[in-house]
Amino acid sequence: MTTESPGIERTHVWGIQRSRIAGYLFGVATAACWATSPILIRKGLVGLPSPLWGVTVGLTVAAVAFAMWLWIRRPGPHLRTSSGGAMDRMIKVAIGFQVLAGLASGLGSVARTIAIDVAPVVVVVPLVQTASLWTIVFASLILGRHVERVTPKLVLGAVLVVVGAALVIVGLEA
Amino acid sequence: MIGALWSIGGAIAFSLGHVALAKGIPPLGVVRATTVLLVSAAVATAVAALAIDGPTVLTAAPLAAIAWFAGAGLIHYGGWGFMNASIQRVGPSRFSAISGVTPLFGAVLAVAILHESVNPVMGLGIVLIVVGTYFIAAS
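Chains as they are written, first to last, in the numbering used here: chain X, 1 to 174; chain V, 1 to 139.
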């Protein structure tokens, strides 16, 4: 008699949760974009020697591109509105958090620009890279430990990446 | 010392931004959330640029320089779309830690385009980044 065994779904690939792989790949894609842009920025700084205006031009062009994508494709989720057409409170709160994130990112860019202006890159870049360690602390404090599961492996991994990044920058500058 | 303080201040601002994104993305979706993020960041930096550098620097700049920055912005801030998609799936802590691999790509580009060689310090750094990234992904 043969028995059919139920299909066994692999939940992990090389110890990495399968459902999260896309999220990590998007993270790596972000890093690739961030590493590529300085090549164009260096060329731009020759004619426009203001990193702040450079950042503003870049942000404006990207904002227009995303707004056009939003207008043409109208991707989901569709925003819920009340009968009077007013925005759902949850949507307003979400927009508020995005605006806060935008202001924080803008402030971070300005702080990094000033830091590079007054201190060597080998000092500035590794210190700015500690953002990942700060995020682990703030995420568990603000979002709660039930949302952001901070494990020793995550902390160790973040520390190794920060130290490794610092060494790469020091090596590049040597 | 002042440079270190600005650097750490910048790191804290970026990390708070990542945490705020985790709250804002789910109801809006990645594209809408990224658009709001970009518009608010553009307004913030425009105010800073006007206050610190003044408008003359921009108006006197050649079109080619503005075009280079526009291209850089499309790549760098287009990456914010990937960032939001990543935060939506793995959360801000894991995204922030994974995005630390940026200097690794910088080193790869320096070797590939500028034909720089990998010295032992860079090599050790690359190994630590790869091992650290695996720990983050498997955490």
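Each residue gets a CB set at the ideal place from its N, CA and C atoms; glycine is no exception.
- Along chain X, which residues have their Cβ under 7 Å away from the Cβ of S139/V? T151, K153, L154, G157
- Looking only at its own chain, which residues have a Cβ that is under 7 Å from the Cβ of V128/X, when we skip the five neighbours before and after it? R112
- Is DSSP giving V147/X helix, strand or coil here? coil
- Nearest-angstrom Cβ-Cβ length linking P92/V and H18/V, presumed shorter than 8 Å: 4 Å
- Query: If you count every other CB in all the chains shown that lies within 10 Å of the CB of R73/X, and 16 or more means buried, which is it?
  - Reply: exposed
- Message: So that I know if they touch, is there some Cβ in chain V lying closer than 7 Å to that of I169/X?
- Response: yes
- Task: Kindly indicate which residue of A174/X, G54/X, K153/X has the alpha-carbon position closest to the one of A61/V.
- Result: G54/X
- Through-space distance from I91/X to L28/V, alpha-carbon basis: 7 Å
- Task: List the residues that DSSP assigns as beta-bridge partners of V13/X.
- Result: I16/X
- Task: May I ask you to report which of helix, strand or coil DSSP gives T130/X?
- Result: coil
- Assess, as a yes-or-no matter, whether the region 99 to 114 of chain V is touched by the region 19 to 36 of chain X under the definition of 3 or more beta carbon pairs within less than 8 Å. yes
- Task: Pick helix, strand or coil for M1/V, following the three-state DSSP scheme.
- Result: coil
- Query: Which first and last residues belong to the alpha helix (DSSP H) in which R89/X is found?
  - Reply: 89 to 118
- Hey, does T30/X have any beta-carbon neighbour from chain V nearer than 7 Å? yes
- Message: What does the Cβ neighbour count give for R89/V, buried or exposed, with the cut at 16 atoms within 10 Å?
- Response: buried
- Message: Within 8 Å, do at least three Cβ pairs link the region 151 to 163 of chain X to the region 61 to 71 of chain X?
- Response: no
- If we call anything under 7 Å between Cβ atoms a contact, is F135/V one with L167/X? no
- Message: Measuring CB atoms only, is the region 7 to 16 of chain V touching the region 99 to 109 of chain X, in the sense that at least three cross pairs come out at less than 8 Å?
- Response: yes
- Would the region 68 to 83 of chain V and the region 120 to 137 of chain X be scored as touching if the rule is three or more Cβ pairs under 8 Å? no
- Coil, strand or helix - P27/V by DSSP: helix
- Message: Report the CB separation of L48/X from A65/V in whole angstroms; it is logged as a contact under 8 Å.
- Response: 4 Å
- If we count the other Cβ atoms within 10 Å of its Cβ and call it buried at 16 or more, is L63/V buried or exposed? exposed
- Item | With 16 other Cβ atoms within 10 Å as the buried cut-off, status of I98/V | buried
- Alpha-carbon to alpha-carbon, T56/V and I129/V: 42 Å
- Query: How long is the line joining the alpha carbons of H146/X and V39/V, rounded to whole angstroms?
  - Reply: 31 Å
- Task: Compare the C-beta of R10/X with all C-beta atoms of chain V and state if any pair is closer than 7 Å.
- Result: no
- chain X partners of H76/V, CB-CB under 7 Å? C33, W34, S37, G58
- Query: Using a Cβ-Cβ distance under 7 Å, would G144/X count as near chain B?
  - Reply: Looking at the structure shown, chain B is missing, and the protein chains on hand are X and V.
- Message: Rounding to the nearest angstrom, what Cα-Cα distance links A48/V and K23/V in this structure?
- Response: 26 Å
- Chain-ordered chain V contacts of V124/X [CB-CB under 9 Å]: G3, A4, W6, S7, G10
- Item | Spatially closest choice to A31/X from I75/V, A138/V, A67/V, by CA coordinates | I75/V
- Message: I'd like to check one pair, A62/X with G73/V: are the Cβ atoms closer than 7 Å?
- Response: yes
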